[in-house]
Amino acid sequence: MKEIIRAGLAELGLLDQVPQEAPEQLAEYGRLMLEKNQVMNLTAITDPEQAARLHMLDSAALLLCADFQGEKTLIDVGTGAGFPGLVLKILDPTIQLTLLDSLGKRVDWLGELCQELHLPDVTLLKGRAEELSRQKEHREGYDVAVSRALASMPVLAELCLPYVKPGGLFLAMKSNKT
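Per our numbering, the very first residue in the sequence shown carries number 292; after that it's consecutive.
#1: Can you grab the Cα-Cα spacing for the pair glutamine 311 / arginine 430, in whole Å?
#2: Buried or exposed for alanine 335, going by 16 or more other Cβ atoms inside 10 Å?
#3: In three-state terms, what does DSSP make of threonine 469?
#4: For the segment 399-411 and the segment 338-348, state whether three or more C-beta atom pairs, one from each stretch, are separated by less than 8 Å.
#5: Could you tell me the distance, in whole angstroms, from the CA atom of proline 457 to the CA atom of glycine 432?
#6: Can the beta-carbon of leucine 450 be found less than 8 Å from the beta-carbon of glutamate 421?
#7: If you draw a straight line from the alpha carbon of aspartate 307 to that of arginine 297, how long is it in whole angstroms?
#8: Would you kindly work out how many angstroms separate the C-alpha atoms of alanine 440 and alanine 463, rounded to a whole number?
#9: Along the chain, where does the alpha helix (DSSP H) containing alanine 301 start, and where does it finish?
#10: Please report the Cβ distance between valine 309 and leucine 382, rounded to the nearest whole angstrom; I am assuming they are in contact, meaning their Cβ atoms lie under 8 Å.
#11: For proline 375, count the other beta carbons within 10 Å of its own beta carbon; 16 or more makes it buried, fewer makes it exposed. Which is it?
#12: Are the CB atoms of methionine 347 and glycine 371 within a distance shorter than 8 Å?
#13: Do aspartate 434 and glycine 402 come within 8 Å of each other at the CB atom, strictly closer than that value?
#14: Taking the DSSP output, what are the residues bridged to arginine 439?
#15: I need the DSSP call for valine 309, collapsed to helix, strand or coil.
#16: Leaving aside the five residues before and after lysine 417 along the sequence, list all residues of the same chain whose C-beta is less than 6 Å from its C-beta, in chain order.
#17: In whole angstroms, give me the CA-to-CA distance for alanine 318 and phenylalanine 461.
#18: Is DSSP giving leucine 408 helix, strand or coil here?
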């Protein structure tokens with residue numbers, strides 16, 4: 292996975308812009324995810340090569356869509372196995388990342404994963420997106436909201452836009468497989 296990720300980042304023109312250890316860290320993330328997937332439903336993708344391409348590199352491509360530099364606050368709504376938020380954090384450690392998911396088991400695993408990958412300062416939230424967005428500390432509290440394969444675009448916009456500060460950015464990804 293490491294070589295596929297390294298080559299993919301180079302093809303995207305990102306390899307020289309990310310931390311040197313990022314390809315290895317992303318490969319370890321993929322390995323840990325596929326291992327946990329054997330006992331917890333995290334992804335339908337079980338092939339390491341496909342996980343590298345469809346999870347890691349698809350998520351990395353978001354760096355081409357927006358400027359994440361400057362300690363941006365980012366919330367990943369309905370993060371699931373951590374895509375795309377954790378990939379973005381690995382590739383740009385200045386991102387102040389919040390991962391939101393409705394399932395406690397996934398949030399617990401993401402906490403373990405962040406410790407294993409030595410990713411400090413990742414905030415984990417368990418709850419429903421539509422409920423947490425009404426809370427003062429989260430409403431219009433983020434520079435960027437991202438989501439991947441959570442719902443149709445109109446529903447995603449409804450769920451994510453309340454988190455975004457005025458002038459902020461909402462990025463949604465569609466996936467063929469999750």
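Backbone N, C-alpha and C define an ideal beta-carbon position, used for all residues, glycine too.
Taking the definition as stated:
#1: 35 Å
#2: exposed
#3: Confidence is the limiting factor: at threonine 469 the pLDDT is only 42, short of 50, which leaves the residue's position unreliable and the question unanswerable from this model.
#4: Counting Cβ pairs under 8 Å, fewer than three are found: no touch.
#5: 9 Å
#6: Taking 8 Å as the Cβ cut-off, leucine 450 and glutamate 421 qualify as a contacting pair.
#7: 10 Å
#8: Approximately 8 Å, taken between the alpha carbons.
#9: 293-302
#10: 5 Å
#11: When all chains shown are included, proline 375 counts as buried.
#12: no
#13: no
#14: Met464
#15: coil
#16: Gly395 and Val398
#17: 27 Å
#18: Looking at leucine 408 - three-state DSSP - the assignment turns out to be coil, as it is neither helix nor strand.
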